[in-house]
Structures are given as structure tokens and as C-alpha cells.
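Here's the structure, in C-alpha cells; my notes come after.
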Amino acid sequence: MKLNRSEISKIVSGKILQNEPMSRHTTFRIGGPCDFYIEVKTINELQQLIKLCIKKKIPYHIIGFGSNILVKDKGISGVVIRLTGDLSNLNFNLQNKSAVAGGGCALQLFVKRCADNSLSGAESLVGIPGTVGGAVIMNAGTKEGYIGSLIKSVTVMNAKGEIKRIGKKSLKFSYKSSNIPPKNIIISAEFLLKKKSISDIIKNLNKLMQYRVKTQPFGFYNAGCIFKNPVGDYAARLIDQTGLKGASVGGAVVSKLHANFINNAANATAEDVLKLIKKIQKKVKEKFNKNLELEIKVVG
Ligand SMILES: Cc1cc2nc3c(=O)[nH]c(=O)nc-3n(C[C@H](O)[C@H](O)[C@H](O)COP(=O)(O)OP(=O)(O)OC[C@H]3O[C@@H](n4cnc5c(N)ncnc54)[C@H](O)[C@@H]3O)c2cc1C
Numbered sequence: 677m678k679l680n681r682s683e684i685s686k687i688v689s690g691k692i693l694q695n696e697p698m699s700r701h702t703t704f705r706i707g708g709p710c711d712f713y714i715e716v717k718t719i720n721e722l723q724q725l726i727k728l729c730i731k732k733k734i735p736y737h738i739i740g741f742g743s744n745i746l747v748k749d750k751g752i753s754g755v756v757i758r759l760t761g762d763l764s765n766l767n768f769n770l771q772n773k774s775a776v777a778g779g780g781c782a783l784q785l786f787v788k789r790c791a792d793n794s795l796s797g798a799e800s801l802v803g804i805p806g807t808v809g810g811a812v813i814m815n816a817g818t819k820e821g822y823i824g825s826l827i828k829s830v831t832v833m834n835a836k837g838e839i840k841r842i843g844k845k846s847l848k849f850s851y852k853s854s855n856i857p858p859k860n861i862i863i864s865a866e867f868l869l870k871k872k873s874i875s876d877i878i879k880n881l882n883k884l885m886q887y888r889v890k891t892q893p894f895g896f897y898n899a900g901c902i903f904k905n906p907v908g909d910y911a912a913r914l915i916d917q918t919g920l921k922g923a924s925v926g927g928a929v930v931s932k933l934h935a936n937f938i939n940n941a942a943n944a945t946a947e948d949v950l951k952l953i954k955k956i957q958k959k960v961k962e963k964f965n966k967n968l969e970l971e972i973k974v975v976g
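Heads up, the sequence shown stops at 976 in the numbering used here, and the numbers go up one at a time, no gaps.
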């Protein structure tokens, strides 16, 4: 069964774009078209849209800012959904030192507003592009701290379109992953923070941001680190030691500054990036007998 625009617009008040190139919605600026790109503004809209997709057997895919995905050149068959409006709200309870952020809330807005409210904990997330939903599902962070450690509960919509609250005890966060079941959509997350002086928080934010600017390529299209760090080592170190900094396939180039980044330097295709990924994995395996596992999600 096919979806048509008029039935979607009966449910959804946000943007509905047909045959929309995903290169417009990923930080890599790569990716073929999806059948429909839809921005939902409320839980009710999301619920109705998911139920419609289930009824019509149309695949759906949630994205945030597309900062951790590589969409294939053929694109995505089905519907791509972004959470906006009410689903990107951010509210603080200063007495409880807590915050509730919608899944679509920009992570950097969350970091900034925590600082404004003299609440500490989110500093390690400074400079990470993306949304709260995308960050929670994969436990984004740095060695300074990961988002999972701040979470009190998560509210999800499961694959049947039902809303569930998952409390801290049932949640498990590990390195760049969480136990939130696949196909669950993060509607919101509740965070517990600590009181600290604004000036101390800002000092720390500036220090961490300066480190990021010094060590990561800025002004390039990319999706952050391509590979997870293998236990006890760094993917960037292994790639650097194989002499692959600056190596390229088509328009995709291994960053000379941070070897775990691949930049889209000149209209790279997803195929270019995937070939370069294979080349890196092969060389690292040959030299160090280590398998590099992807951190980015390949979609489509
Ligand atoms: C320059 C740069 C630097 C980066 N630095 C870091 C870093 O230091 N640390 C780090 O951890 N990451 C880093 N990243 C990667 C990326 O920013 C994070 O992983 C971010 O959390 C992804 O969020 P997103 O909203 O863009 O998710 P997307 O890339 O849009 O999606 C990623 C995955 O999350 C899923 N998802 C998105 N929203 C939801 C939701 N509401 N519910 C359920 N699933 C959802 C998607 O389906 C997809 O599988 C960096 C990326 C860039 C481009």
C-alpha cells in the first residue's frame, strides 16, 4: 500500500516533503531521497503517523539532525520522521535540579540552558551536534562524560505506537549504546543535574570547546567519528598508524586532523564513503589484527 500526501496532511501539521534528498538533512550532506520527509509537532501526530505506517506496512525511520548517519545514494524507502514543535520542548525544575527535554530538542540548546540555570552535568556534551533523542539512543558523549549518566527516565513510543516510561533501573547505557529497544522512539528524557556556579560551568565549557576545536576538523561536512574505539585503544590512533590520514575515495577523505573522521570534501557519494570505510577496516585488520566497528549508522 502506498501513502499519499493528503492523508498525511490530515494528521500532521509540520513539513511534508516528497522525494526529499536526505543530503539536505545530514551533516555529511550525503544521501539519496526518501519517499516522504515529515516533521511531526505533537505526540498525537507522531502516534497517528506511526499507526498509519504500520497499517499500510510503510517503513519509517526517525532522524534527529542526521549527525551520526550515512544515508545510501539510493535513499530511504518509506517515511523519514523528525520530531519538532512540542516534541522539542525543554523544561527545567530548578528545585529538583532536573530537566525534561523532548527527543527533538537540540542537544546544544540543552547544554546552554543547563549552564544558564546554574546546573552542571551536561558540559561534556558541548559541541556535539544532534538532538536529545539521537544522543540518548546511542549514549553520546566524550571521555569527560556520557549523556546516559544524567538520565533519570526516558519516555518512548514503542513499535505499536504505545507510550512507555522507562525508569533509570531498567535503563542500561554502555559505550556509545543503550538498551532502549530498536524501533522505540524517544519522546523525551528526564535529566538529573547538579547545582554549580555559572562561571565554573562556563569555564569548563570553554575549555572543552577549545579542545574540540583543536582536535576535530571544523568547516567540513562529516558525521563525527566513523568507528567506535576498540577496547583499550583509539580508532584514530590505529588509522593514523596505518598511514591513512588524507587517503581518499572519490570526494571522501580521511581527515588529516582526526583520522577517525571522514570528510565529504568534494561532492562525495555514500558509495565513496563506504569504500573508504572498507579500505580503512582492511588496513587496520592487516596491521593490528583489530576489527573496527562502525559508530555511524548506515541507513537505506
Ligand atoms: C562534528 C561532529 C562531532 C561529533 N562529536 C561527537 C562526540 O564527541 N561524541 C558523540 O557521542 N558523538 C559525536 N558526534 C555524533 C553525533 O553528533 C551524535 O551521535 C548525536 O547524538 C546524533 O544525534 P542526531 O540527533 O543527529 O541523530 P541522527 O544522526 O539523526 O540519528 C542517529 C541514530 O539515532 C536515531 N534517533 C534519532 N533520534 C531519535 C529518537 N528521538 N528516538 C529514537 N531514535 C532516534 C536514528 O534513528 C539513528 O539511528 C559528532 C558528530 C559530528 C558531525
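Virtual Cβ for every residue (Gly too), placed ideally from N, Cα, C.
Inset, instruction - For the stretch 702-748, list the beta strand (DSSP E) runs that are entirely contained and at least 3 residues long, ordered along the chain. - result: 709-716, 736-739, 745-747
Inset, instruction - For the beta strand (DSSP E) containing Ile863, list its first residue and its last residue. - result: In the DSSP assignment, Ile863 falls within the unbroken beta strand (DSSP E) covering 861-868.
Inset, instruction - Could you say if the stretch 888-899 and the stretch 702-711 meet the contact criterion of at least three C-beta pairs nearer than 8 Å? - result: yes
Inset, instruction - Leaving out five residues on either side along the sequence, give the residues of the same chain with a beta carbon under 7 Å from the beta carbon of Gly824. - result: Asn815, Phe849, Ser854
Inset, instruction - Using the Cα positions of Ser699 and Pro709, report the straight-line distance between them to the nearest angstrom. - result: Those two C-alpha atoms are separated by around 8 Å.
Legend entry - 3 or more residues per run - each beta strand (DSSP E) lying fully within the stretch 774-816: 774-778
Legend entry - Assigned exposure category for Val974 - 16 Cβ within 10 Å defines buried: exposed
Inset, instruction - For the stretch 822-849, list the beta strand (DSSP E) runs that are entirely contained and at least 3 residues long, ordered along the chain. - result: List check, beta strand (DSSP E) in window: 827-833, 839-843.
Legend entry - DSSP three-state assignment for Leu759, whether helix, strand or coil: strand
Legend entry - Straight-line Cα distance separating Phe712 from Val756: Our two residues, Val756 and Phe712, have alpha carbons roughly 6 Å apart in a direct line.
Legend entry - Own chain, CB closer than 6 Å to Tyr822, minus 5 neighbours either side, in chain order: Asn815
Legend entry - Residues bridged to Phe768 [DSSP beta-bridge criterion]: Ala775
Legend entry - Unbroken beta strand (DSSP E) run spanning Lys904, endpoints: Lys904 -> no beta strand (DSSP E), and no H or E assigned at all.
Inset, instruction - Could you name the residues of the same chain whose beta carbon sits closer than 8 Å to that of Arg888, not counting the 5 residues immediately before and after it, in chain order? - result: Val802, Gly803
Inset, instruction - Kindly confirm or deny that the stretch 786-803 and the stretch 685-699 touch, where touching means at least three C-beta pairs closer than 8 Å. - result: no
Legend entry - Contact the stretch 869-883 vs the stretch 786-794: 3+ CB pairs below 8 Å: yes
Inset, instruction - With DSSP collapsed to three states, give me the class of Leu884. - result: helix
Inset, instruction - Can you tell me the Cβ-Cβ gap for Ala935 and Ile915, rounded? I've got them flagged as a contact below 8 Å. - result: That belief holds up - the Cβ atoms of Ala935 and Ile915 are roughly 4 Å apart, short of 8 Å.
Inset, instruction - May I ask which residues mark the beginning and end of the alpha helix (DSSP H) holding Lys951? - result: Note, Lys951: alpha helix (DSSP H), 946-964.
Inset, instruction - Hey, could you find the ends of the alpha helix (DSSP H) Ile684 is sitting in? - result: 681-687
Legend entry - Minimum Cβ-Cβ distance from Lys966 to chain D less than 8 Å: Checking the listed chains, one finds no chain D in this structure; it contains a single protein chain.
Inset, instruction - Kindly indicate the opening and closing residues of the beta strand (DSSP E) around Leu693. - result: For Leu693, the enclosing beta strand (DSSP E) starts and ends at 692-697.
Legend entry - Status (buried if at least 16 other CB within 10 Å, exposed otherwise) for Val907: exposed
Inset, instruction - Could you have a look at Lys871 and say whether DSSP puts it in helix, strand or coil? - result: strand
Inset, instruction - Could you spell out the range, first to last residue, of the alpha helix (DSSP H) harbouring Ala912? - result: 911-917
Inset, instruction - Return yes when at least one heavy atom of ligand 1 lies under 7 Å from the C-beta of Thr703, else no. - result: Yes; taking the cut-off as 7 Å, the Cβ of Thr703 has a heavy atom of ligand 1 nearer than that.
Inset, instruction - Count the other CB atoms, across all protein chains shown, that sit within 10 Å of the CB of Phe894; report buried if there are 16 or more and exposed otherwise. - result: exposed
Legend entry - Residues that Val929 bridges to, as DSSP identifies them: Ser924, Asn939
Inset, instruction - Mark Gly817 as exposed unless 16 or more other C-beta atoms lie within 10 angstroms of its C-beta, in which case mark it buried. - result: buried
Inset, instruction - Check whether the stretch 873-880 touches the stretch 778-785, taking contact to mean three or more Cβ pairs, one atom from each stretch, closer than 8 Å. - result: no
Inset, instruction - Could you name the residues of the same chain whose beta carbon sits closer than 7 Å to that of Gln723, not counting the 5 residues immediately before and after it, in chain order? - result: Within the same chain, Gln723 has close Cβ partners Met833, Gly837.
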